[in-house]
Amino acid sequence: MTAMTTGPAGTAGGAASATQNGTANGTANGTAKGTAKGTAMGTAQGTANGTAQAARAGRTAGGRDGGTTTLTLVRAINEGLRRSMEEDPKVLVMGEDVGKLGGVFRVTDGLQKDFGEDRVIDTPLAESGIIGTAIGLALRGYRPVCEIQFDGFVFPAADQIISQLAKMRMRSLGAVRLPVVVRIPFGGGIGAVEHHSESPEVHFTHTGGLRVVACSNPADAYHMIRQAIRCDDPVIFFEPKRRYWDKAPVDLDAEPDLPLGKGRVVRPGTDVTLLAYGPMVRTCLEAAVAAEEDGRSLEVIDLRSLSPLDIDLVAESVQRTGRCVVVHEAPVFCGYGAELAARVTERCFYHLEAPVLRVGGFATPYPPSRLEDHYLPDLDRVLDAVDRTFAY
Amino acid sequence: MNTNAPVGAEAYGAAAPPELVQLLTPEGERVEHPDYDVDLTPEQVRSLYRDLVLVRRIDMEAVALQRQGELGIWASLLGQEAAQIGSGRALSDQDMVFPTYREHGVAWCRDVDPIKLLGLFRGVSHGGWDPAEHNFHLYTIVIGAQTLHAVGYAMGIQRDGAEAAAIVYFGDGATSQGDVNESFIWAAVNNAPVVFFCQNNQWAISEPLEKQSRIPLYRRASGFGFPGIRVDGNDVFACLAVTREALRNAREGGGPTLIEAYTYRMGAHTTSDDPTRYRVASELEAWKLKDPIERVKAYLFKNELADQEFFEAVELEADELGKDLRRRCLELPDPDPLAIFENVYVDPHALLEEEREQFAAYLASFEGVA
Ligand SMILES: Cc1ncc(C[n+]2csc(CCOP(=O)(O)OP(=O)(O)O)c2C)c(N)n1
Ligand SMILES: [Mg+2]
Numbered sequence: 260m261t262a263m264t265t266g267p268a269g270t271a272g273g274a275a276s277a278t279q280n281g282t283a284n285g286t287a288n289g290t291a292k293g294t295a296k297g298t299a300m301g302t303a304q305g306t307a308n309g310t311a312q313a314a315r316a317g318r319t320a321g322g323r324d325g326g327t328t329t330l331t332l333v334r335a336i337n338e339g340l341r342r343s344m345e346e347d348p349k350v351l352v353m354g355e356d357v358g359k360l361g362g363v364f365r366v367t368d369g370l371q372k373d374f375g376e377d378r379v380i381d382t383p384l385a386e387s388g389i390i391g392t393a394i395g396l397a398l399r400g401y402r403p404v405c406e407i408q409f410d411g412f413v414f415p416a417a418d419q420i421i422s423q424l425a426k427m428r429m430r431s432l433g434a435v436r437l438p439v440v441v442r443i444p445f446g447g448g449i450g451a452v453e454h455h456s457e458s459p460e461v462h463f464t465h466t467g468g469l470r471v472v473a474c475s476n477p478a479d480a481y482h483m484i485r486q487a488i489r490c491d492d493p494v495i496f497f498e499p500k501r502r503y504w505d506k507a508p509v510d511l512d513a514e515p516d517l518p519l520g521k522g523r524v525v526r527p528g529t530d531v532t533l534l535a536y537g538p539m540v541r542t543c544l545e546a547a548v549a550a551e552e553d554g555r556s557l558e559v560i561d562l563r564s565l566s567p568l569d570i571d572l573v574a575e576s577v578q579r580t581g582r583c584v585v586v587h588e589a590p591v592f593c594g595y596g597a598e599l600a601a602r603v604t605e606r607c608f609y610h611l612e613a614p615v616l617r618v619g620g621f622a623t624p625y626p627p628s629r630l631e632d633h634y635l636p637d638l639d640r641v642l643d644a645v646d647r648t649f650a651y
Numbered sequence: 128m129n130t131n132a133p134v135g136a137e138a139y140g141a142a143a144p145p146e147l148v149q150l151l152t153p154e155g156e157r158v159e160h161p162d163y164d165v166d167l168t169p170e171q172v173r174s175l176y177r178d179l180v181l182v183r184r185i186d187m188e189a190v191a192l193q194r195q196g197e198l199g200i201w202a203s204l205l206g207q208e209a210a211q212i213g214s215g216r217a218l219s220d221q222d223m224v225f226p227t228y229r230e231h232g233v234a235w236c237r238d239v240d241p242i243k244l245l246g247l248f249r250g251v252s253h254g255g256w257d258p259a260e261h262n263f264h265l266y267t268i269v270i271g272a273q274t275l276h277a278v279g280y281a282m283g284i285q286r287d288g289a290e291a292a293a294i295v296y297f298g299d300g301a302t303s304q305g306d307v308n309e310s311f312i313w314a315a316v317n318n319a320p321v322v323f324f325c326q327n328n329q330w331a332i333s334e335p336l337e338k339q340s341r342i343p344l345y346r347r348a349s350g351f352g353f354p355g356i357r358v359d360g361n362d363v364f365a366c367l368a369v370t371r372e373a374l375r376n377a378r379e380g381g382g383p384t385l386i387e388a389y390t391y392r393m394g395a396h397t398t399s400d401d402p403t404r405y406r407v408a409s410e411l412e413a414w415k416l417k418d419p420i421e422r423v424k425a426y427l428f429k430n431e432l433a434d435q436e437f438f439e440a441v442e443l444e445a446d447e448l449g450k451d452l453r454r455r456c457l458e459l460p461d462p463d464p465l466a467i468f469e470n471v472y473v474d475p476h477a478l479l480e481e482e483r484e485q486f487a488a489y490l491a492s493f494e495g496v497a
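Those sequence lines, one after another, are chains L and Z.
Those letters in the first sequence? Residues 260 to 651, by the working numbering.
Those letters in the second sequence? Residues 128 to 497, by the working numbering.
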């Protein structure tokens, strides 16, 4: 069961870091997978070189102005930031190590070189300071895009986000706009140490005044980051770090096909609706493929936006399928799935063949990485829930 | 006159000290300092040398193990051995240590089995030693958070009337955090028996010190109302002397001290990092000349305090230690999956019990399945 969770993304990350280190990542006792994926603590990923090269190759092949090119999710966000900075001189990028290093995941790679230190700011090591000063810059007409290095490090900034960023518009009776984007790589599955694998999204969806979105693939990542930057409200932008090295074609010149607040059916189906966002979208798609072999047709919805929630899309689907399973990495208890289950029940009560089931993390701190494959929902746990929903 | 003397140093009744306390030059020359001294027997110097070599060897082995996929990541202490051993050997048994994630040398001084450190970075636990058993708190990864814990602990010492102090380790980057600045304030207004030991290794991942401070870090202290001092962080004698004095002062009711150990992170930030992206190789070359171990070796040699046999014995011991550590690391079992539910609460918790049962049943459903 655990072997399945390691999947191609984990392998890709591990391979890339092995390349960078110039050493073969271990196979040692067959359990190396847990650690060989290797990233974390401040300086994540090794993929830097590989990613950058791929993107450069992509640029010359597809051309930055020439439409479609295959990008990793990291590079897609990078291109989205670049476009936004080109379009609007008020857009700033700020955070720890975002300058020369290009961020520990290389999402901001090359931006400081091209846009200068005034627009791409290596901040002092203080998350509260990052968000607090971003608010000040926004009050002065700038559009800061803040990077929080890892999910677990957003908490020192919680006061500035929850008590200031979210509430200033109401406090000013609508006079103030704070177009601040807070980018947060989130979720686990990369073999990291403590605080580098968390899913803190509900802290923010539970806070009125923040828009909260999570991208799941390169094309959405590119468009959504641009839309988030254009948005006049604060946006908490979750990036699925274990999918950072997933690749897909991205049309850099296309207009986004959806507004920021809308979800998407990423795989149509008839028997069960799977609701997911961020890293779990791919897991659900893989589950849907596996279920097909058992003759079950799973519809997968990528919510994309958690606040607001595109409940119409969800309700329409569940009314068709009659069954609903919610999947996220965050703990199930009081997780985002609880809200989804309640709303789906309210909207689809007479269509439901079974209660809405939830698959997610346990009500514990995130475990040491050698246990994370047990903690995180995987294909088997999703299919197990699908089975259970048919047992009613 | 030294322009970098602490602002307002007179306020503490002290003459402005030279900027960098050094007792042993990079060439291994013993030098005098007006305020600090150590009186070490040859045996004690050899013992310090042994500590330095052994912790460097532990670190090297851990880096190698990470490269081979046996650890998820490792934060190397390379270059910071003297800062850690010097300060670590200044501690009394009753003193309490609050480390970051890089204090493998201090952990060594507190008799924390290095396998525990490897276990954390391998991902089999989040640390797992009992802080009270070693008077060495758990590693803290969230930058700066432990500074407040140390001050609170020191306030407890104060109330107990105990003869002890707390010492807290943090980096140059950490000095920007709100928590660290708040801890300075708490320590100052409470006159808490705490020593702030900042290892300024010049870098916070890719950001050089200039991104955190416009003044030497030790001078921050004066604004908060307690003394700050900069010590050569690659000089184990000086680190020992300065930390000893600060701890003594704290234990005797003299309040907090900020020690800035001026050193250099000779390796990458962690094994995931690629420093060639942000710093020049010549910097490392310059610091290699100030290596914390070489100068002790030179001192021992010059003064005929150790012979070839001694150095060989230490090397041999280091190799054995490395080998043993490697073997034990490879033998570390993955925890039982149900360990996820352990040690979350002291008392039983209904939700957790329910989840544990469900997950156990789920795992059992795979048994016998090919
Ligand atoms: C609150 C928080 N933000 C960000 C990080 C990621 N991070 C890990 S180490 C590090 C740099 C720390 O630099 P410094 O304090 O100088 O200590 P050093 O690593 O150099 O020993 C950063 C930004 C973190 N661990 N915690
Ligand atoms: Mg540092």
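Where is the CB? At the ideal position from N, CA and C, for every residue including glycine.
* **Contact test: residue 462 (chain L) Cβ vs ligand 1 heavy atom, cutoff 7 Å** => False, no ligand heavy atom lies under 7 Å from that Cβ.
* With burial defined as no fewer than 16 other Cβ atoms inside 10 Å of the residue's Cβ, what is the status of residue 373 (chain L): buried or exposed? -> Counting Cβ neighbours within 10 Å, residue 373 (chain L) comes out exposed, since fewer than 16 surround it.
* Any Cβ of chain L within less than 8 Å of the Cβ of residue 301 (chain Z)? -> With respect to chain L, the C-beta atom of residue 301 (chain Z) has a partner C-beta closer than 8 Å.
* Using 7 Å as the cut-off, classify the Cβ of residue 505 (chain L) as near or not near the heavy atoms of ligand 2, replying yes or no. => Not one heavy atom of ligand 2 sits closer than 7 Å to the Cβ of residue 505 (chain L).
* To do: May I ask whether a heavy atom of ligand 2 can be found less than 7 Å away from the beta carbon of residue 235 (chain Z)?
  => Every heavy atom of ligand 2 is 7 Å or more from the Cβ of residue 235 (chain Z), so no.
* Can you give me, in chain order, the residues of the region 375-405 of chain Z that have a beta carbon less than 7 Å from any beta carbon in chain L? => Per Cβ criterion, the list reads 396, 397, 399, 400, 401, 404, 405.
* Do we get a CB-CB distance below 8 Å when we pair residue 629 (chain L) with the residues of chain C? -> Within the model displayed, chain C is absent; protein chains L and Z are what it includes.
* **Rounded straight-line distance, which links the Cα of residue 347 (chain Z) to that of residue 419 (chain Z)** => So the alpha carbons of these two residues sit roughly 26 Å apart.
* **Closer than 9 Å at the beta carbon, the chain Z residues around residue 415 (chain L)** => Correct list: 269, 270, 271, 272, 304, 305, 306.
* Complete beta strand (DSSP E) runs within the region 188-215 of chain Z (minimum length 3 residues, chain order) -> Fully enclosed beta strand (DSSP E) runs of no fewer than 3 residues are not present anywhere in the region 188-215 of chain Z.
* **Short-range partners of chain Z found in the region 447-472 of chain L, where Cβ spacing is below 9 Å** => Only 449, 450, 451, 452, 453, 454, 455 from the region 447-472 of chain L bring a Cβ to less than 9 Å from some Cβ of chain Z.
* Asked: Would you say the beta carbon of residue 384 (chain L) comes nearer than 7 Å to a heavy atom of ligand 1?
  -> Residue 384 (chain L) Cβ: within cutoff of ligand 1.
* To do: Flag residue 347 (chain Z) as yes when its Cβ comes closer than 7 Å to any non-hydrogen atom of ligand 2, and as no otherwise.
  => Within the chosen limit of 7 Å, ligand 2 does not reach the beta carbon of residue 347 (chain Z) with any heavy atom.
* Find the residues of chain L that neighbour residue 329 (chain Z), judging by a C-beta separation of less than 8 Å, and give them in chain order. => In chain order: nothing, as chain L lies at least about 14 Å away.
* To do: Compare the C-beta of residue 408 (chain Z) with all C-beta atoms of chain L and state if any pair is closer than 8 Å.
  => Any Cβ of chain L closer than 8 Å to the Cβ of residue 408 (chain Z) would place that residue at the interface, and such an atom is absent.
* **Per-residue DSSP class, three states only, for residue 327 (chain Z)** => Reduced to three states, the DSSP call for residue 327 (chain Z) is strand.
* For residue 279 (chain Z), decide whether its Cβ has a neighbour in chain L, counting only Cβ atoms nearer than 8 Å. => Using a CB distance cut-off of 8 Å, residue 279 (chain Z) does not count as an interface residue toward chain L.
* Any chance the CB of residue 414 (chain Z) is under 7 Å from a heavy atom of ligand 1? -> Residue 414 (chain Z) Cβ: outside cutoff for every heavy atom of ligand 1.
* Answer yes or no: do residue 387 (chain Z) and residue 325 (chain Z) have a C-beta to C-beta separation smaller than 8 Å? => Yes. Within cutoff.
* To do: Give a yes or no on whether the minimum CB-CB distance between residue 614 (chain L) and chain Z is below 8 Å.
  => No Cβ of chain Z is located within less than 8 Å of the beta carbon of residue 614 (chain L).
* Element boundaries [beta strand (DSSP E), containing residue 413 (chain L)] -> Here residue 413 (chain L) belongs to no beta strand (DSSP E), and DSSP marks it neither H nor E.
* **CB of residue 603 (chain L) within 8 Å of CB of residue 644 (chain L), strictly** => For residue 603 (chain L) and residue 644 (chain L), no; Cβs fall outside 8 Å.
* Asked: Fully enclosed by the region 280-361 of chain Z, which alpha helix (DSSP H) runs are 4 residues long or longer?
  -> DSSP runs (the alpha helix (DSSP H)) wholly in the region 280-361 of chain Z: 305-317, 347-351.
* residue 368 (chain Z) beta carbon less than 8 Å from that of residue 164 (chain Z) -> In this structure, the beta-carbon distance from residue 164 (chain Z) to residue 368 (chain Z) falls below 8 Å.
* Could you tell me whether the region 264-278 of chain Z touches the region 436-455 of chain L, using the rule of 3 or more Cβ pairs below 8 Å? => Counting Cβ pairs under 8 Å, three or more are found: they touch.
* **Residue-level contact to chain Z via CB, residue 477 (chain L), 8 Å cutoff** => No, residue 477 (chain L) does not count as interfacial toward chain Z.
* residue 434 (chain L) to residue 420 (chain L), Cα distance in whole Å? -> As the crow flies, the alpha-carbon of residue 434 (chain L) is around 19 Å from that of residue 420 (chain L).
* To do: List the residues of chain Z whose Cβ lies closer than 9 Å to the Cβ of residue 492 (chain L), in chain order.
  => Within chain Z, no residue has its CB atom less than 9 Å from the CB of residue 492 (chain L), the nearest being about 26 Å off.
* Between the region 560-568 of chain L and the region 463-475 of chain L, do at least 3 Cβ pairs fall closer than 8 Å? -> In the pairwise beta carbon analysis, the region 560-568 of chain L is classified as touching the region 463-475 of chain L: at least three pairs are separated by under 8 Å.
* **Cβ contact (3+ pairs, closer than 8 Å) linking the region 177-196 of chain Z and the region 371-385 of chain Z** => With a cut-off of 8 Å on Cβ pairs, the region 177-196 of chain Z is not in contact with the region 371-385 of chain Z, counting fewer than three such pairs.
* Asked: Do residue 256 (chain Z) and ligand 2 come close, with the Cβ less than 7 Å from some heavy atom?
  -> Incorrect: residue 256 (chain Z) has no Cβ contact closer than 7 Å to ligand 2.
* Asked: Do residue 324 (chain Z) and ligand 1 come close, with the Cβ less than 7 Å from some heavy atom?
  -> For ligand 1, not one heavy atom lies less than 7 Å from the Cβ of residue 324 (chain Z).
* Compare the C-alpha of residue 469 (chain Z) against each of L:592, L:507, L:621, L:595 and name the closest. => Per the C-alpha coordinates, the member of L:592, L:507, L:621, L:595 positioned closest to residue 469 (chain Z) is L:621.
* Asked: Using 8 Å as the limit for Cβ to Cβ distance, is residue 245 (chain Z) near chain L?
  -> Taking Cβ atoms only, chain L never reaches closer than 8 Å to residue 245 (chain Z), which makes this a no.
* If we count the other Cβ atoms within 10 Å of its Cβ and call it buried at 16 or more, is residue 529 (chain L) buried or exposed? -> Sixteen is the threshold: since fewer than 16 other Cβ atoms of the shown chains lie within 10 Å of the Cβ of residue 529 (chain L), the residue is exposed.
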